[in-house]
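Report on the following structure.
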Amino acid sequence: MAKNLLIVESPAKAKTINKYLGKDFTVLASYGHVRDLVPKEGAVDPDNGFAMRYDLIEKNEKHVDAIAKAAKGAEHLFLATDPDREGEAISWHIAEILRERGLLENRTLQRVVFTEITPRAIKEAMANPRDIAGDLVDAQQARRALDYLVGFNLSPVLWRKVQRGLSAGRVQSPALRMIVEREEEIEAFVAREYWSIEAECAHPSQAFTARLAKLDGKKFEQFTVTDGDTAEAARKRIVAAANGALHVTDVGSKERKRRPAPPFTTSTLQQEAARKLGFTTKRTMQVAQKLYEGVALGEEGTVGLISYMRTDSVNLSADAIDEIRDVIARDYGTGALPDKPNTYKAKAKNAQEAHEAVRPTSALRTPTQVARFLEDDARRLYELIWKRTVACQMVPATLNTVSVELAAGSEHSFRASGTTVVDPGFLAVYEEGKDTKGAEDEDEGRKLPLMKTGDRVPLDRIHTDQHFTQPPPRFTEAALVKALEEYGIGRPSTYASIIQTLLFRKYVELESRSFRPSDVGRAVSKFLSGHFTQYVDYDFTARLEDELDAVSRGEEDWIPLMERFWTPFKQLVEEKKDSVDRNEATGARQLGTDPKSGKPVSVRLGRFGPYAAIGAIEDEEEKPTFASLRPGQSMHTISLEDALELFKLPRKLGLDKDEEVSVGIGRFGAFAKRGSVYASLKKEDDPYTVDLARAVFLIEEKEEIARNRIIKQFEGSDIQVLNGRFGPYISDGKLNGRIPKDREPASLTLEEVTQMMADTGKPMRKGFGKKAAAKKEPAKKVAKKAATKAPATAAVKKAAKKATKKAVKKATSKTATKTVAKKAAKKVVKKAANDAAPF
Numbered sequence: 001m002a003k004n005l006l007i008v009e010s011p012a013k014a015k016t017i018n019k020y021l022g023k024d025f026t027v028l029a030s031y032g033h034v035r036d037l038v039p040k041e042g043a044v045d046p047d048n049g050f051a052m053r054y055d056l057i058e059k060n061e062k063h064v065d066a067i068a069k070a071a072k073g074a075e076h077l078f079l080a081t082d083p084d085r086e087g088e089a090i091s092w093h094i095a096e097i098l099r100e101r102g103l104l105e106n107r108t109l110q111r112v113v114f115t116e117i118t119p120r121a122i123k124e125a126m127a128n129p130r131d132i133a134g135d136l137v138d139a140q141q142a143r144r145a146l147d148y149l150v151g152f153n154l155s156p157v158l159w160r161k162v163q164r165g166l167s168a169g170r171v172q173s174p175a176l177r178m179i180v181e182r183e184e185e186i187e188a189f190v191a192r193e194y195w196s197i198e199a200e201c202a203h204p205s206q207a208f209t210a211r212l213a214k215l216d217g218k219k220f221e222q223f224t225v226t227d228g229d230t231a232e233a234a235r236k237r238i239v240a241a242a243n244g245a246l247h248v249t250d251v252g253s254k255e256r257k258r259r260p261a262p263p264f265t266t267s268t269l270q271q272e273a274a275r276k277l278g279f280t281t282k283r284t285m286q287v288a289q290k291l292y293e294g295v296a297l298g299e300e301g302t303v304g305l306i307s308y309m310r311t312d313s314v315n316l317s318a319d320a321i322d323e324i325r326d327v328i329a330r331d332y333g334t335g336a337l338p339d340k341p342n343t344y345k346a347k348a349k350n351a352q353e354a355h356e357a358v359r360p361t362s363a364l365r366t367p368t369q370v371a372r373f374l375e376d377d378a379r380r381l382y383e384l385i386w387k388r389t390v391a392c393q394m395v396p397a398t399l400n401t402v403s404v405e406l407a408a409g410s411e412h413s414f415r416a417s418g419t420t421v422v423d424p425g426f427l428a429v430y431e432e433g434k435d436t437k438g439a440e441d442e443d444e445g446r447k448l449p450l451m452k453t454g455d456r457v458p459l460d461r462i463h464t465d466q467h468f469t470q471p472p473p474r475f476t477e478a479a480l481v482k483a484l485e486e487y488g489i490g491r492p493s494t495y496a497s498i499i500q501t502l503l504f505r506k507y508v509e510l511e512s513r514s515f516r517p518s519d520v521g522r523a524v525s526k527f528l529s530g531h532f533t534q535y536v537d538y539d540f541t542a543r544l545e546d547e548l549d550a551v552s553r554g555e556e557d558w559i560p561l562m563e564r565f566w567t568p569f570k571q572l573v574e575e576k577k578d579s580v581d582r583n584e585a586t587g588a589r590q591l592g593t594d595p596k597s598g599k600p601v602s603v604r605l606g607r608f609g610p611y612a613a614i615g616a617i618e619d620e621e622e623k624p625t626f627a628s629l630r631p632g633q634s635m636h637t638i639s640l641e642d643a644l645e646l647f648k649l650p651r652k653l654g655l656d657k658d659e660e661v662s663v664g665i666g667r668f669g670a671f672a673k674r675g676s677v678y679a680s681l682k683k684e685d686d687p688y689t690v691d692l693a694r695a696v697f698l699i700e701e702k703e704e705i706a707r708n709r710i711i712k713q714f715e716g717s718d719i720q721v722l723n724g725r726f727g728p729y730i731s732d733g734k735l736n737g738r739i740p741k742d743r744e745p746a747s748l749t750l751e752e753v754t755q756m757m758a759d760t761g762k763p764m765r766k767g768f769g770k771k772a773a774a775k776k777e778p779a780k781k782v783a784k785k786a787a788t789k790a791p792a793t794a795a796v797k798k799a800a801k802k803a804t805k806k807a808v809k810k811a812t813s814k815t816a817t818k819t820v821a822k823k824a825a826k827k828v829v830k831k832a833a834n835d836a837a838p839f
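All residue numbers for the sequence shown refer to the UniProt record's numbering, where the first residue is 1 and numbers rise by one.
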């Protein structure tokens, strides 16, 4: 056993670092977090200084035990978890576990931090160990406690007022509000018509277009012309005035510099990977994690290719800059090097400047050199990071913009412009992506012919084009990440999990790579914005993040911060439990009246999603009729006409084989039915338009499949040989059994299938909605848990402890089940309590 134990988070990182440190070190992984708050009420106790109850994360217990076992034989312990708040907290949790197990006596325990996994960085970190940073741990604990308190107190209110199973998050709720408010902007948007007028110029050396700048002696603006008749009249006036040519009245030239973008932070990496590579934030972080932890590079061995990817700093170390400048001089010439390194300032609040930006661990490893060792995603992301980092230390690009004014008579004029690159500078390597393009971007790369004042430019034609203003775009992942960062909501390392939570909860949907809120998401946002306004307020959320940052810097104590948050929050939760009408929280709408029945038509959010209703919900005597909304429909935008269409199902299509054929929508989706036979409609089939022939085809297709399903039956037996989704198998309707691969299913005998069923038969899977069997806990663990429920008097505890040992020993025999263990433990604890009572 090595005398030094170093603990990291991931096994990949452990494997790489173990090669660097040698035989005197054992390197083990915690596999991420090792403890978390117990998942039940009371895990954070506001009445006891916000004391927090932690429990080991079950899936990582074996890894914790391995760490503890290795710690027993080690003299020096080093905690090398990730260099952020979560990493600091993980180190603290590991230290606490080891302390509780008495494994820190006569041993040193130190924290080491490195932002890249290279021999140099590891060696440097090991030479400069430190203590666990208590301020960072406090900030992380406060953040975790806040998230817990919001979730455990606000979610039950959502269950009562909106829908069962919903959750509210301290940071995800403001992010959801952003998406919902944007959708409401889009719905409220009223398009405006406008017309543009352009001239197509037939210059002898190069044709080009020019935009109208002045009409009738006045500046031509976006809404100067707003209808086709006015546009055509203006066009005719200009054509008459121009008389076949435009005259150059002014030529201007302006040179400007464009600086390179700073190196990547977590946020900008996520944004750019979304724009240029089409990656989700989750995918970006997963690929970056692999690049950070290490990649096998042939004879060079396993090396971390990028620095730590969770950072909000744009700093680069002096060593990294020197190497980057060497690469620039070598590959792009000394003319591409500025006189001194470029420096950048982080825009993010509380940027941890001690960290570095996301960069290659060595700029000398070009994308071309490492490409053959990388999977496609990793190759593309590494190339993006490498190019951005190298470009950030290059000279600015020099651009020249030429603008030309061209007159059409004395009252009208056009303007044309083009931008050319004089010196590409950093653009030779990398150009930052943009979500939207302006007029300047459209001109870039367009070169105008040489012109001078007084030139006559032949006019080919003048044309008008109709346009309509567009609503604000829905948020893409890149745009949402950018907005969250600008508002100071959450931190870059949390953006991926925020987005995944919104998608997992089905609060939002990705539609053409943009976020569209679901009706459930809108209901949640409406409820929180209306009744918990402060807690989804962007400024409030950002200020709370600032306060947590102050805790991390040691400028503020975390308990007073928690108290300021908790007292008014808890009071508001209690107030809203009974004071909010459910319909007003969920956005129920009255659409109008059903022309057939004269009853009101409404849309609401129900237990299984949005639905339409004909009739009064409160009517006790005559119950309303209901219909679920179709995919893509929203209760916030559906019209009365579309809602009434929903009640046309089930549709009777006609008769086939003397049986009625109909289509409808059921629990499992759209279906066709003939007699007692049901067949699911395909994705391309619309239950509102599908015809009789198509419905019959689907039904008979299903019957054909059913007929071919049976390979062999046996007289007097329920066992059948069947074709299944994964190949042939045997079944008696209750149990399913396997068929050996070397046997021909059709040749099996009754005796053989009976034996196979006895040997391999397993219960068939339960139907839809059945709860999966709970994972069995070890009997010993069950017994111990039950035993801890004994009355907490000293006498009882002493008696229970002694008696429980006996119960546990009995309950953990090979034949003991979970139920037996529970009963045994409860019985012993009860007896122990009675035996210890003072009467």
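Quick reminder that beta carbons are idealized off the backbone N, C-alpha and C, glycines included. A quick note: this is a predicted structure, and the numbers were derived from the prediction, not measured.
Environment of residue i [buried if 16+ CB atoms lie within 10 Å]
i, result
"glutamine 140", "buried"
"histidine 355", "buried"
"arginine 725", "exposed"
"glycine 587", "buried"
"histidine 467", "exposed"
"glutamine 571", "exposed"
"proline 260", "buried"
"leucine 450", "exposed"
"aspartate 84", "buried"
"valine 150", "buried"
CA-to-CA distance, residue j to residue i, given in whole angstroms
i, j, result
"valine 327", "aspartate 131", "38 Å"
"asparagine 48", "aspartate 138", "16 Å"
"methionine 635", "tyrosine 611", "8 Å"
"proline 650", "alanine 627", "10 Å"
"tyrosine 20", "asparagine 342", "33 Å"
"lysine 276", "valine 429", "15 Å"
"arginine 256", "isoleucine 122", "44 Å"
"alanine 145", "glutamine 271", "29 Å"
"serine 91", "leucine 79", "6 Å"
"threonine 361", "aspartate 65", "33 Å"
"lysine 452", "aspartate 339", "37 Å"
"aspartate 227", "alanine 408", "22 Å"
Own chain, CB closer than 8 Å to residue i, minus 5 neighbours either side, in chain order
i, result
"alanine 363", "Ala320, Glu323, Ile324, Asp326, Val327, Trp386, Thr389 and Val390"
Residue range of the alpha helix (DSSP H) that includes residue i
i, result
"isoleucine 90", "85 to 100"
"proline 119", "119 to 126"
"serine 731", "Careful: serine 731 lies outside any alpha helix (DSSP H), inside the beta strand (DSSP E) at 727 to 731."
"proline 650", "From DSSP, proline 650 is part of no alpha helix (DSSP H); its letter is neither H nor E."
"isoleucine 499", "495 to 504"
First and last residue of the uninterrupted beta strand (DSSP E) at residue i
i, result
"lysine 15", "Counting along the chain, lysine 15 falls outside any beta strand (DSSP E), though it belongs to the alpha helix (DSSP H) covering 11 to 21."
"valine 225", "From DSSP, valine 225 is part of no beta strand (DSSP E); its letter is neither H nor E."
"leucine 5", "4 to 8"
"glycine 409", "Unbroken run through glycine 409: none, as it is neither H nor E."
"arginine 258", "245 to 258"
"asparagine 723", "720 to 724"
"lysine 290", "Premise fails: lysine 290 lies in the alpha helix (DSSP H), 281 to 293, not in any beta strand (DSSP E)."
Own chain, CB closer than 6 Å to residue i, minus 5 neighbours either side, in chain order
i, result
"residue 928", "Since the first residue shown for the chain is 1 and the last is 839, residue 928 is missing from the structure and cannot be characterised."
"lysine 802", "The predicted position of lysine 802 is uncertain, since its pLDDT is 48 and thus under 50; a value taken from the coordinates is nonetheless stated next. Excluding sequence neighbours, lysine 802 sits near nothing in its chain."
"phenylalanine 458", "Just to set this straight, residue 458 is proline in the shown sequence, not phenylalanine. The answer, listed in chain order, is Ala202 and Ala245."
"glutamate 659", "Arg674 and Gly675"
Residues of its chain near residue i, where Cβ-Cβ distance is below 7 Å and the 5 sequence neighbours each way are ignored
i, result
"alanine 14", "Val8, Val27, Leu28 and Ala29"
"leucine 56", "Val34, Arg35 and Val64"
"histidine 531", "Lys576 and Val580"
Residue-chain proximity (residue i, chain D), Cβ-Cβ < 7 Å
i, result
"methionine 285", "Judged by its chain identifiers, the structure shown contains no chain D, having just a single protein chain."
Quick one: any contact between the segment 170 to 177 and the segment 204 to 220, if contact means 3 or more CB pairs under 8 Å?
Using a C-beta cut-off of 8 Å, the segment 170 to 177 makes no contact with the segment 204 to 220, since fewer than three inter-stretch Cβ pairs fall below that distance.
If we count Cβ pairs, one from each stretch, closer than 8 Å, do we get three or more for the segment 545 to 559 versus the segment 477 to 491?
Judged by Cβ distances under 8 Å, the segment 545 to 559 makes contact with the segment 477 to 491, as three or more pairs qualify.
The segment 274 to 288 in contact with the segment 417 to 425 per 3-pair CB rule at 8 Å
The answer is no - the segment 417 to 425 does not touch the segment 274 to 288, with fewer than three Cβ pairs under 8 Å.
For the segment 547 to 556 and the segment 636 to 643, state whether three or more C-beta atom pairs, one from each stretch, are separated by less than 8 Å.
In short, these stretches do not touch, since the Cβ pair count stays below three.
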